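Chemist:
In mature numbering (1 follows the signal peptide of the UniProt record, and there is no 0), the protein residues as written are -20 to -1, 1 to 195.
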């Protein structure tokens, strides 16, 4: 069941909803069988996981049926046609590019699956390219070359998802990412929190102006 749950997360992040639904049904079926054959075993962790998945899919599926949040060649402009943000440094030849994102949520009783809340999951979908359509080409190389290669898509940004981490943990991750950020890189910080996280928000503002951050 642990393998099914992890594979379900991968399919969800890759937006393979057909596989997600199938894996959810298998996970729920296996949980029912285990509870039947091993009545003395505690399966509360998996029961909670199944409830979270069910709640997450019920909340997200109607939205996903409208339009995928990922890049769509039919509806979106080509990557090379997008405008660049001018560098903050005088005389810099390169424009600024989004290189990473920290997506963090601190609200109570959110619709979530593991550490992915509904809003951080959708934000992550918006920040990644979908290698499909005209950006796919079939490889004609040797046996070691993958069968499908994304020919024109830029690399995805480094996206980190945090759920209800302490201020110290959040700032440690932020500092590590900023240290690895190239001179032409921008870091997007998405922080969803209420008044109870005012201390974290005030500390976050200390980083603004010292690094290339979007918050």
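Each residue gets a CB set at the ideal place from its N, CA and C atoms; glycine is no exception. Just so it is clear, the structure is predicted and the values come from calculations on it, not from any experiment.
So, helix, strand or coil for residue 131, using DSSP?
Modeler: Taking the first residue of the chain shown as position 1, residue 131 is located at position 151. For residue 131, the pLDDT reaches just 49, beneath the cut-off of 50, and the residue's location in the model is therefore unreliable, leaving the point undetermined.
Chemist: How many Å lie between residue -2 and residue -10 at the Cα?
Modeler: Residue mapping note: residue -2 aligns to position 19 of the chain shown, counting from 1. Residue mapping note: residue -10 aligns to position 11 of the chain shown, counting from 1. So the two alpha carbons sit approximately 7 Å from each other.
Chemist: Assuming residue 196 and residue 86 make a contact with CB atoms under 8 Å, what is their CB distance in whole Å?
Modeler: Nothing can be reported for residue 196, as the shown portion of the chain is limited to -20 through 195.
Chemist: In three-state DSSP terms, what is residue 122?
Modeler: Residue mapping note: residue 122 aligns to position 142 of the chain shown, counting from 1. Caution applies to residue 122, whose pLDDT of 47 falls short of 50 and renders its modelled position unreliable; the value that the coordinates give is listed next. Three-state result, residue 122: coil.
Chemist: Rounded to a whole number of angstroms, what is the C-alpha to C-alpha distance between residue 19 and residue 173?
Modeler: Here residue 19 refers to the residue found at position 39 when the chain shown is read from its first residue. Here residue 173 refers to the residue found at position 193 when the chain shown is read from its first residue. Between residue 19 and residue 173, the C-alpha separation is close to 40 Å.
Chemist: Using the three-state DSSP reduction, which class does residue 9 fall into: helix, strand or coil?
Modeler: If you number the chain shown from 1, residue 9 lands on position 29. Residue state, collapsed to three classes: helix.
Chemist: Determine which residues share a DSSP beta bridge with residue 141 and list them.
Modeler: What you label residue 141 is simply residue 161 of the chain shown in a count that begins at 1. Paired residue(s): 83.
Chemist: Can you tell me which of the three DSSP states residue 38 falls into?
Modeler: Translated into positions along the chain shown, residue 38 becomes position 58. If DSSP states are grouped into helix, strand and coil, residue 38 belongs with the helices.
Chemist: Cβ of residue 141 within 9 Å of Cβ of residue 78?
Modeler: For this step, residue 141 is matched to residue 161 along the chain shown. For this step, residue 78 is matched to residue 98 along the chain shown. No, the pair does not count as a contact, with Cβ atoms beyond the cut-off.
Chemist: So residue 97 and residue -12 are in contact, right, with Cβ under 8 Å, and what is the actual spacing, rounded?
Modeler: Indexing the chain shown from 1 puts residue 97 at position 117. Indexing the chain shown from 1 puts residue -12 at position 9. The Cβ separation is near 14 Å, so there is no contact.
Chemist: How long is the line joining the alpha carbons of residue 169 and residue 100, rounded to whole angstroms?
Modeler: Taking the chain shown and counting its residues from 1, the one referred to as residue 169 is at position 189. Taking the chain shown and counting its residues from 1, the one referred to as residue 100 is at position 120. Each residue's Cα considered, the two are about 11 Å apart.
Chemist: Please classify residue 81: is it buried, with 16 or more other beta-carbons within 10 angstroms of its beta-carbon, or exposed?
Modeler: Position 101 of the chain shown, counted from the first residue, corresponds to residue 81. Buried is the call here.
Chemist: Compute the Euclidean distance between the alpha carbons of residue 14 and residue -15, then round it to the nearest angstrom.
Modeler: On the chain shown, residue 14 is found 34 positions in, with the first residue counted as 1. On the chain shown, residue -15 is found 6 positions in, with the first residue counted as 1. Spanning the two alpha carbons is a distance of roughly 18 Å.
Chemist: Secondary structure at residue 101, three-state DSSP: helix, strand or coil?
Modeler: The sequence position of residue 101 within the chain shown is 121, counting from 1. Residue 101: helix per DSSP, three-state reduction.
Chemist: Would you list the one or two residues that DSSP bridges to residue 92?
Modeler: As a first step, residue 92 is located in the chain shown; it is residue number 112 there, counting from the start. DSSP, once it has assigned bridges, lists 97 as partnering residue 92.
Chemist: Just the C-alpha distance for residue 22 and residue 10, rounded to the nearest angstrom, thanks.
Modeler: Here residue 22 corresponds to residue number 42 of the chain shown, with the count starting at 1. Here residue 10 corresponds to residue number 30 of the chain shown, with the count starting at 1. Straight-line Cα distance between these residues: approximately 14 Å.
Chemist: Identify the continuous alpha helix (DSSP H) that holds residue 147 and give its terminal residues.
Modeler: The sequence position of residue 147 within the chain shown is 167, counting from 1. Note, residue 147: alpha helix (DSSP H), 147 to 160.
Chemist: So, for residue 39: in the same chain, excluding its five sequence neighbours on each side, which residues have a beta-carbon less than 7 Å away from its beta-carbon?
Modeler: Within the chain shown, the letter at position 59 stands for residue 39. Once the five neighbours on either side are set aside, the close Cβ partners of residue 39 are 91, 98.
Chemist: By DSSP, does residue 167 sit in helix, in strand, or in coil?
Modeler: Looking up residue 167 in the chain shown gives position 187. Three-state DSSP puts residue 167 in a strand.
Chemist: Please say whether residue 108 and residue 139 have beta carbons closer to each other than 9 Å?
Modeler: As a working note, residue 139 is residue 159 in the chain shown. As a working note, residue 108 is residue 128 in the chain shown. Yes; because the gap between Cβ atoms is below 9 Å, this pair is in contact.
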